[in-house]
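Here is the structure we will look at.
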DNA sequence: TCCTTTATTGCATACACTTGCAATAATGAG
DNA sequence: CTCATTATTGCAAGTGTATGCAATAAAGGA
């Protein structure tokens, strides 16, 4: 999954700028086949652009999230993780062992519809995280 | 909504201790008819127990959450908020104006059932947060 | 009531994240 | 290609949150 040149140019036409820092962060997220924490992004990108600061990483991740190019999820306690937007999915996380399972958006689509009808909200389907116990840990809990 | 003496005594029987700090924090959350951030809890409780530190507030909120007496939700960007557990509900938040709407758990019950069947997870119904645009802001977005 | 055990606190410190401001540099215009 | 505009960065400082460790004090037993 990656962000197209077209999408990036679109940012430029909105008055935003494509700096080396932003491009490096987009590249890092595109190459990662997993979620990255801000710290992980920083470590990866810092090799390429030694001048880069953590503040820029945080600002850029927020920026990309606002622009809809990146998804943010809270996957555990307080820690936020980021990934390139693309296939629409959600997460189910085991509170005991930390195991993470993806839930395709299709499974929630009907529910989102219902929610929008009921509340009048335009529900943003970007991301939801659910917590629980995976089959193995569930067993240990109850035994 | 409040936490019963019975629930508190149950903690004691598990080897946990009911310290003035914990009781003060439980009281503060019980009296609040809204979510509180850790900072808000600290400011309220500090008047009563001047010795109390922020570290204790964070530790206690985590503790109460683990014990299921308190619910935690991320309601906005990065900031976590806490409230007394009781009526099971979720939140729908407007990304533009910050307005928050409660969603009763009953509306999600069927979906949770389905999710548990499909994944084998014991889904913890504690809390889910959805983001979107409220009716008013939705209009401004599209116009 | 006093003692013992050990969960919990406070302090200090460290990590995670945000923000104001002056300096830098990406864009578009000329 | 050069210049002006102004979005973005780096720095430094500030807020929010977590944690190791010694001191404190809650709870149960004598």
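Residue numbers (our numbering), protein chains in the order written: chain A, 1 to 143; chain B, 1 to 143.
Where is the CB? At the ideal position from N, CA and C, for every residue including glycine.
Under a three-way DSSP split, which group does residue 63 of chain B fall into? helix
Express the C-alpha separation of residue 84 of chain A and residue 58 of chain A in angstroms, rounding to a whole number. 15 Å
Find the nearest neighbour of residue 122 of chain B within the set A/136, A/6 and A/31, judged by alpha-carbon distance. A/136
Distance between residue 70 of chain A and residue 13 of chain A (C-alpha atoms, nearest Å): 19 Å
Would residue 97 of chain A be called buried (16 or more neighbouring beta carbons within 10 Å of its own) or exposed? exposed
Which residues DSSP lists as bridging residue 41 of chain A, in chain order: According to DSSP, residue 41 of chain A bridges with nothing at all.
Which class does residue 79 of chain B belong to by DSSP, given the choice of helix, strand or coil? coil
Count the other CB atoms within 10 Å of the CB of residue 18 of chain A; is the residue buried (16 or more) or exposed (fewer)? exposed
Cβ closer than 7 Å: which chain A residues qualify as neighbours of residue 63 of chain B? Neighbours of residue 63 of chain B on chain A: none; closest Cβ ~13 Å, over 7 Å.
With a floor of 3 residues, list each beta strand (DSSP E) that falls wholly inside the region 93-136 of chain A, ordered by position along the chain. 100-104, 122-124 and 129-133
So who's on the other strand from residue 73 of chain A, going by DSSP bridges? A/81
If you pair each beta-carbon of the region 20-37 of chain B with each one of the region 49-66 of chain B, do three or more pairs fall below 8 Å? yes
Pairwise C-alpha distance: residue 26 of chain B and residue 48 of chain B: 13 Å
May I ask you to report which of helix, strand or coil DSSP gives residue 91 of chain A? strand
Interfacial residues, the region 79-93 of chain B to chain A, with Cβ spacing under 8 Å: 80 and 92
Looking at residue 27 of chain A and the ligand GDP, is the gap between the Cβ and the nearest heavy atom below 7 Å? In the structure on display, the ligand GDP does not appear, and there are no ligands present to speak of.
When the cut-off is 8 Å and only beta carbons count, does residue 16 of chain A lie next to chain B? no
Give a yes or no on whether the C-beta atoms belonging to residue 103 of chain B and residue 131 of chain B are separated by under 8 Å. no
Inspect the beta-carbon positions of residue 101 of chain B and residue 60 of chain A and report whether they are closer than 8 Å. no
Should residue 35 of chain B go down as buried or exposed, given a rule of 16 or more other Cβ atoms within 10 Å for buried? buried
Assigned secondary structure, residue 183 of chain B (DSSP; H/G/I helix, E/B strand, else coil): Only positions 1 to 143 of chain B appear in this structure, which leaves residue 183 of chain B out of reach.
Kindly list the residues whose CB is nearer than 7 Å to the CB of residue 117 of chain B, restricted to its own chain and excluding five residues on each side of it in sequence; keep chain order. none
Bounding residues of the alpha helix (DSSP H) (the contiguous stretch that carries residue 25 of chain B): 20-31
C-beta atoms of residue 127 of chain B and residue 90 of chain B nearer than 8 Å: yes
Buried or exposed by the 16-neighbour rule on C-beta atoms within 10 Å, applied to residue 53 of chain A: exposed
Starting from residue 12 of chain B, follow the alpha helix (DSSP H) in both directions and report where the run begins and ends. 5-13
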